[in-house]
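Visitor: Here you go, one structure.
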Amino acid sequence: MNYPEFKQPLNYGQVGTDILAWWKQNGIFEKSVSTREGQPTFVFYEGPPSANGAPGIHHVMARTVKDIFCRYQTLLGKQVHRKGGWDTHGLPIELQVEKELGITKEDIGKKISIEEYNQRCRETVMRFKQQWDDLTEKMGYWVDLDDPYITFEPEYIESCWALLKKLYDKGLLYKGYTIQPYSPAAGTGLSSHELNQPGTYRDVKDTTVVAQFKVKRDEKSEKLFAGADEAVETFILAWTTTPWTLPANTGLAVGKNIPYVLVRTFNPYTYAPIRVVLAKALVSKYFTEKGATAAFEEYVNSDHKVLPWRTEGEFTGADLVGIRYERLFGQEAGFPAFEGEENAFRVIPGDFVTTEDGTGIVHISPTFGADDFRAAQLAGVPALLVADDEGKLGPIVDRTGRYVPQMGEFGGRWVKNYDGHDESAADYRTLDVDISIRLKERGRAFKVEKYEHTYPHCWRTDKPVLYYPLDSWFIKTTAVKDRLIELNKTINWQPESTGTGRFGNWLENLVDWNLSRSRYWGTPLPIWRTQDGTEEICIGSVEQLKAEIDKAVAAEIMTHNPIKVSGSLSLVSSSQEGEDQQPATRNQKLDLHRPYVDDIFLVSPSGQPMYREPDLIDVWFDSGAMPYAQWHYPIENEGQFRKNFPADFIAEGVDQTRGWFFTLHALAVMLEDSVAYKNVMANGLVLDKNGNKMSKRLGNAIDPFTTIQQYGPDATRWYMIANAQPWDNLKFDLNGITEVQRRFFGTLFNTYSFYALYANLDGFQAREFDRVPYAELSELDRWILSKLQSLIQEVRGYYDGYDPTKAARAIQDFVTDQLSNWHVRLSRRRFWKGELTQDKKAAYETLQECLVVISQLMAPIAPFFAEWLYQNMMGENDELGMMNAELTAQKPQFSSHNSSFITRAESVHLTLLVQADEARIDKALEERMELAQRISSLTHSLRKKSGLKVRQPLQRILVPVFNDTTREQVGKVEDLICAEVNVKHVEFLDDTSGVLVKSVKPNFKRLGQQYGAKLKAVGARIQQMSAEEISQLEKTGQLAVEIDGEAYTLAPDDVEIRTQDLPGWLVATDGPLTVALDVTLTDELRQEGVARELVNRLQNLRKDSGLEVQDKVRVTLQQQPELEAAVQSFGSYIREEVQALALDFAPEISGGSVLEFDEFSVPVLLNVATA
RNA sequence: GGGCUUGUAGCUCAGGUGGUUAGAGCGCUACACUGAUAAUGUAGAGGUCCCUGGUUCGAGUCCAGGCAGGCCCA
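Residues 1 to 1171 (UniProt numbering) are what the first sequence spells out, left to right.
Below, the structure written as structure tokens:
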């Protein structure tokens, strides 16, 4: 067998294409799962992408991360199923369809039927599936594309229903309300994107009030009353631009860390003496400098232009929390009582409170503000709700924008001008104005003024929008909050901070999960209710629905039962219908979407008709339900589900923290009292090279297809993983891929090519059981094998710890710095010289082992190139590896797998990852090789300084050593150093020689611990140490010194002694290491130098003449005394190097070339020797 | 506005538990090397370690407060 040889440069894109074809042809992905049958599983969940847009380069990033760990676990012998999936519901799809049809939500049901509309959504959502599948394959993401779960399929929806029913039965599903933008004029809620239409936010002038809320005196508020005049009432000031919400006030919010002051002053309208609380930073907004000194006594009888005031106390928001106050519009004034009133009218914390405007205290009406609602809910403050004629609770404003009749003197008033009143008419007074007047009269308004601000308006009616409570279905996640938090602590988050921080905080501030969406394309809420809401049913399966419809038909509420399917849906039956059917057309008989489900009416136990609650559910429920719904569980396949729950690993973008990561977690905790995943990686964004977000609009988006084609999938993946840790944002720069390609893959390719070239020449083949025994290997070989074992340990550790970046960097450093640039470079002549000796065989075997192990270690990150390398190295050679055929056929013995042998398999991805053979790790050897590298580097540096090129041999270098260990260590690598830097000997200089000039450096770390503040003086003294003192410290192990009149004893550890100079020598130092170079040139050395130059020039000539490495030649040089002397001494060396059978001199040479070096100019004749 | 996160050489990034002289690769300059050669070696230029305070004998590192970018949420 020959090792395949390739021309440079390798076409990495082609490698990807070729390997991909080979994988497909041989079903390698399938085998990577099937050969692990019966082994422990590693469960991975695919977060479903949406195929309604083209995939971008960031998807390559996210999917590379997923792929890496699945492949790694497979290499460990585990079975990793990867069921793909598609997220198919949701607003983005609806918006896209509307854009394409040129319609709005309003038109649905009018210009286009819901049926047609949903059909369009169904067609649109998978439009880019081909592209996605294509990218998936080309980037080497191994996921099962043939049997994905699809969220719009009836089985999937049915599973969601079953899960919802489980929650319903646990009492975790309830109907409530949320605050949403609402247009009373249009009678409809507005989505946030409708609110973001241009022109919706307009400047309006509204009447605003700073209202006074009277503090109730009790233990909590006592601090506001300390030493105060009993008769003077104390108020909290709060500003609002919507005075009509004041009658619905139930709380006041403060910022916990904001400073507040208590100010004594007067009510500017009634002149009553009062004390008020407001933010310290806003005092100047309401009080003048003059007022600070104005006399209180004179105010009442003055012109009231200057309001006197004095600060009487200062508090933080936290001090104020819990204080109670009197209701502004209470029952005594004819306003209704409400449920939970005893918990209302309290000061609560609000993280949205600022001191930018108003009073730094925010009036809270939970029915008319989203912040208000949330803060009130967290603090247990109720909303003010009143019952209508049917006893149904609602806010004080009805859906048309009027106060309900119970609102005393204001009952029936419009809160904004929704009835088209002429605003310029003399009798026109807004509700805001009337409320303000009433407050003024009662001494409860501190300031009333017109104020211009921006306010959102309905894009259709141009009327102001209200923030209004709208019906919603919720999952009571707060009921399991503690369990959510507890179980989250058992999840391994990568990076950890996302789990404790972003996710942890989110759980701490959890509110109930709002499931409702007023849309068309999504999973319908399976709840039917009677008109009055007193009876309802939650449907958990198609079978149940069918049975309920039968009842309705019997009760003559329905005419017939539209569900024809017998029994419940089954995934098995549907997929058996026909392999070639597209998912979109499967199960066309049954569609659980709108409008079909809306046309189903059921009958309640009391005989009332029940209608489906019109909402769809949040699409995040769809994706959070995938651990169950992908198997059609709980309808069927319990076993499948159990085997694949919870996941060992998931990975998505950090933006999924409150999305998929949360819904998976929430559902798992509520349904299974378990985590949904044990390890999770939240990866960052892919930005352009300048750190800007990529977007098609800016034209800085990178096309993943052209990138992969041009640079190959491996370099692309490697770059993304090696450049930044996945959870950091990646600044994507194509130059970076080029660099990875050149530096890492190029070097690895060169290393392989080098191996292949010579191994083929020698006809060498590695045989696992015919190797040079480890004990007989050279230092160099044992060193790189030791490094290799260390690398295996290290890389496994990084993969195990979900840190692929460090794994990639470790592999990269090993390949470029250790393997290529040291081991191979120093071994070069071992390969191209002479017969297949034991040393040469060892060189091949060592390099072979390194390359094959590298192919395994890199396989998760660069699967194509790893395969390429592995196949090239292994070829058809079945003698490699241990009992390989057996392993592939028999399935890996996971539990007993503990081999440092390389397993032979059809593909590198079917192998078992080697274990580090710790017996081969030799730290002392690694250390002394590093010494060799550093000494060589220093020597090169000295040559450079003295102008002595490496081809000129030198006699010796001197290395001062202070202990026997170093001496022994360097001694063992002397040959390597000599060869590398072209010197004859390494000599050691020990202390006793006395010629070294030494210097000391204080060891601050040690000294600091010992002397603390006196360190400076001690350090200065140490730097002044004389040569005698240094010597004494070295010899006796201590040195007594006096510093500032105090006696100290220094120990050797207190200082670091270095060689500074060696008089008369050329010296270089690197930390504690010093090298001196003997630059004396003897005649013999000069001759050898000449010989080497000659070899070099002849090699160039061979190369230029197009000779192959193995060609033999005859060389004739023109006579020249120095040359002849050199050839005299080094003839055989020269002949061997240049593969010359003869090396002769002739008086005159014509027709040849001329070799030029140093001062020489030599005519030469070079002929290929024919046998 | 809040939570999280990032900020170190022109670029991309390393810098356990604090230690005085902050590193690597790429890029740049110069020289060398040349049977792995689009590789390699040596030397050089290049730094307010985002800013301000604090703790400490000593802060890139710890604490507080800012600034700037990013994500999520309002």
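All C-beta atoms in this analysis are idealised placements derived from N, C-alpha and C, irrespective of residue type, glycine included. In this text, all values refer to a predicted model and were calculated from it rather than measured experimentally.
What are the residues that DSSP puts in a beta bridge with Met610?
Guide: Translated into the one-based positions of the first sequence, residue 610 becomes position 610. The partner list for Met610 (beta bridge, DSSP) reads Thr530 and Leu602.
Visitor: Measuring straight from C-alpha to C-alpha, what distance separates Asn118 and Tyr520?
Guide: Taking the first residue of the first sequence as position 1, residue 118 is located at position 118. Taking the first residue of the first sequence as position 1, residue 520 is located at position 520. Near 7 Å, if we compare the C-alpha coordinates of Tyr520 and Asn118.
Visitor: With DSSP collapsed to three states, give me the class of Arg1021.
Guide: Taking the first residue of the first sequence as position 1, residue 1021 is located at position 1021. Looking at Arg1021 - three-state DSSP - the assignment turns out to be helix.
Visitor: Which residue or residues does DSSP assign as beta-bridge partners of Gly251?
Guide: Residue mapping note: residue 251 aligns to position 251 of the first sequence, counting from 1. In the DSSP output, where bridge partners are listed per residue, Gly251 has Arg346 and Ile364.
Visitor: So for Phe296, helix, strand or coil by DSSP?
Guide: Within the first sequence, numbered from 1, the residue matching residue 296 stands at position 296. Correct three-state label for Phe296: coil.
Visitor: Enumerate in chain order the residues of its own chain whose CB-to-CB distance from Gln377 is below 8 Å, with the five nearest sequence positions on each side excluded.
Guide: Taking the first sequence and counting its residues from 1, the one referred to as residue 377 is at position 377. Result list for Gln377: Pro366 and Val511, in chain order.
Visitor: Cβ atoms of Ala1140 and Gln1087: under 8 Å apart, would you say?
Guide: As a first step, residue 1087 is located in the first sequence; it is residue number 1087 there, counting from the start. As a first step, residue 1140 is located in the first sequence; it is residue number 1140 there, counting from the start. For Gln1087 and Ala1140, no; Cβs fall outside 8 Å.
Visitor: What ranges does the beta strand (DSSP E) occupy inside the segment 462-489, keeping only unbroken runs of at least 3 residues that lie completely in it?
Guide: Whole beta strand (DSSP E) segments, 3+ residues: 466-475.
Visitor: Check whether the Cβ atoms of Glu312 and Leu262 sit closer than 8 Å, and answer yes or no.
Guide: For the purposes of this step, residue 312 is taken as residue 312 along the first sequence, with counting starting at 1. For the purposes of this step, residue 262 is taken as residue 262 along the first sequence, with counting starting at 1. Against a cut-off of 8 Å, the Cβ pair of Leu262 and Glu312 comes out as a contact.
Visitor: For Lys564 and Asp87, what's the separation of their Cα atoms in angstroms?
Guide: In the first sequence, counting from the first residue as 1, residue 564 sits at position 564. In the first sequence, counting from the first residue as 1, residue 87 sits at position 87. Looking at the two C-alpha atoms, the distance is approximately 27 Å.
Visitor: Are the CB atoms of Lys840 and Arg828 within a distance shorter than 8 Å?
Guide: Position 828 of the first sequence holds residue 828. Position 840 of the first sequence holds residue 840. No, the pair does not count as a contact, with Cβ atoms beyond the cut-off.
Visitor: So the candidates are Phe213, Arg1097, Lys1014 and Thr523; which of them puts its Cα closest to the Cα of Glu1046?
Guide: Taking the first sequence and counting its residues from 1, the one referred to as residue 1046 is at position 1046. Here the closest residue by C-alpha is Lys1014.
Visitor: Return the CA-CA distance between Ile1149 and Val1164, expressed in angstroms with no decimal places.
Guide: Numbered from its first residue, the first sequence carries residue 1149 at position 1149. Numbered from its first residue, the first sequence carries residue 1164 at position 1164. The alpha-carbon atoms of Ile1149 and Val1164 are separated by roughly 7 Å.
Visitor: Ordered along the chain, which non-local residues of its own chain (more than five positions away) have a Cβ less than 7 Å from that of Ile702?
Guide: The count along the first sequence starts at 1 and reaches residue 702 at position 702. Only Ile57, Met694 and Phe732 meet the Cβ criterion.
Visitor: What are the boundary residues of the alpha helix (DSSP H) that includes Asp147?
Guide: Position 147 of the first sequence holds residue 147. No alpha helix (DSSP H) holds Asp147; the beta strand (DSSP E) holding it covers Asp144 to Ile150.
Visitor: Buried or exposed for Ser541, please, with buried defined as at least 16 other CB atoms from any protein chain shown within 10 angstroms of its CB.
Guide: By one-based count along the first sequence, residue 541 stands at place 541. Buried, by the Cβ-count rule.
Visitor: Excluding the five sequence neighbours on either side, which residues of its own chain have a C-beta within less than 8 Å of the C-beta of His81, listed in chain order?
Guide: Taking the first sequence and counting its residues from 1, one reaches residue 81 at position 81. Around His81: Val33, Thr41, Val43, Phe44, Asp144 and Asn644.
Visitor: Restricting to runs no shorter than 4 residues, where is the alpha helix (DSSP H) found entirely within the segment 793-874?
Guide: Within the segment 793-874, the complete alpha helix (DSSP H) runs of at least 4 residues are 804-813, 825-832, 838-858 and 863-874.
Visitor: Kindly indicate which residue of Ala379, Gly350, Ala337 and Glu356 has the alpha-carbon position closest to the one of Ala387.
Guide: As a first step, residue 387 is located in the first sequence; it is residue number 387 there, counting from the start. That would be Ala337, whose Cα lies nearest to the Cα of Ala387.
Visitor: Are the Cβ atoms of Trp132 and Pro55 separated by less than 8 Å?
Guide: If you number the first sequence from 1, residue 132 lands on position 132. If you number the first sequence from 1, residue 55 lands on position 55. For Trp132 and Pro55, yes; Cβs fall inside 8 Å.
Visitor: Tell me the DSSP secondary structure of Met681 in three-state form.
Guide: On the first sequence, position 681 is the one that residue 681 refers to. Of the three classes helix, strand and coil, the one that applies to Met681 here is strand, per DSSP.
Visitor: Would you please state the rounded distance, in angstroms, between the beta carbons of Leu164 and Pro526? I believe it to be under 8 Å.
Guide: As a first step, residue 164 must be located in the first sequence, where it is residue number 164. As a first step, residue 526 must be located in the first sequence, where it is residue number 526. Correct: roughly 6 Å between the Cβ atoms.
Visitor: Could you give the first and the last residue of the continuous alpha helix (DSSP H) run that contains Pro243?
Guide: Residue mapping note: residue 243 aligns to position 243 of the first sequence, counting from 1. No alpha helix (DSSP H) holds Pro243; DSSP gives it neither H nor E.
Visitor: If you draw a straight line from the C-alpha of Val1162 to the C-alpha of Ala979, how long is it?
Guide: Within the first sequence, numbered from 1, the residue matching residue 1162 stands at position 1162. Within the first sequence, numbered from 1, the residue matching residue 979 stands at position 979. Going from the Cα of Val1162 to the Cα of Ala979 covers about 28 Å.
Visitor: Which first and last residues belong to the beta strand (DSSP E) in which Leu1007 is found?
Guide: As a first step, residue 1007 must be located in the first sequence, where it is residue number 1007. Careful: Leu1007 lies outside any beta strand (DSSP E), inside the alpha helix (DSSP H) at Phe1004 to Tyr1011.
Visitor: Excluding five sequence neighbours on each side, which residues of the same chain lie with their C-beta closer than 7 Å to the C-beta of Ile1057?
Guide: One-based indexing of the first sequence puts residue 1057 at position 1057. Excluding residues within five positions, the ones whose Cβ falls inside 7 Å are Lys998, Val1000, Ile1030 and Glu1034.
Visitor: Under 8 Å by Cβ, that's how I've got Pro308 and Thr265 pegged, so tell me the actual separation to the nearest angstrom.
Guide: One-based indexing of the first sequence puts residue 308 at position 308. One-based indexing of the first sequence puts residue 265 at position 265. The Cβ separation is near 7 Å, so the contact holds.
Visitor: Which residues does DSSP list as the beta-bridge partners of Ser1153?
Guide: Here residue 1153 is taken as the residue at index 1153 of the first sequence, counted from 1. In DSSP, Ser1153 forms a bridge with Val1164.
Visitor: Could you compute how far the alpha carbon of Ser113 sits from the alpha carbon of Glu100?
Guide: As a position in the first sequence, residue 113 is number 113, starting the count at 1. As a position in the first sequence, residue 100 is number 100, starting the count at 1. Whole-angstrom Cα-Cα distance: 16 Å.
Visitor: Using C-beta distances below 8 Å, list every residue in its chain close to Glu974, excluding the 5 sequence neighbours before and after it, in chain order.
Guide: By one-based count along the first sequence, residue 974 stands at place 974. For Glu974, where only same-chain residues beyond five positions count, the Cβ hits under 8 Å are His985 and Val986.
Visitor: Could you say if the segment 680-693 and the segment 57-77 meet the contact criterion of at least three C-beta pairs nearer than 8 Å?
Guide: Segments in contact, yes.
Visitor: How many Å lie between Lys787 and Thr1049 at the Cα?
Guide: To locate residue 787, count along the first sequence from 1; it is residue 787. To locate residue 1049, count along the first sequence from 1; it is residue 1049. So the alpha carbons of these two residues sit roughly 42 Å apart.
Visitor: Assign Ser436 to buried or exposed, taking buried as 16 or more other Cβ atoms, counted over all protein chains shown, within 10 Å of its Cβ.
Guide: Start at 1 with the first residue of the first sequence, and residue 436 comes out as number 436. Result: buried.
Visitor: Where does Gly540 fall in DSSP's three states?
Guide: Locating residue 540 in the first sequence gives position 540, counting from the first residue. DSSP places Gly540 in coil when its eight states are reduced to three.
Visitor: Below 8 Å on the Cβ atoms is my contact criterion, and I expect Asn257 with His363 to pass it. Report the Cβ-Cβ distance as a whole number of Å.
Guide: Here residue 257 refers to the residue found at position 257 when the first sequence is read from its first residue. Here residue 363 refers to the residue found at position 363 when the first sequence is read from its first residue. Not confirmed; about 20 Å, so no contact.
Visitor: Enumerate in chain order the residues of its own chain whose CB-to-CB distance from Leu836 is below 7 Å, with the five nearest sequence positions on each side excluded.
Guide: Residue 836 sits at position 836 when you count from the first residue of the first sequence. The residues are Asp762 and Phe764.
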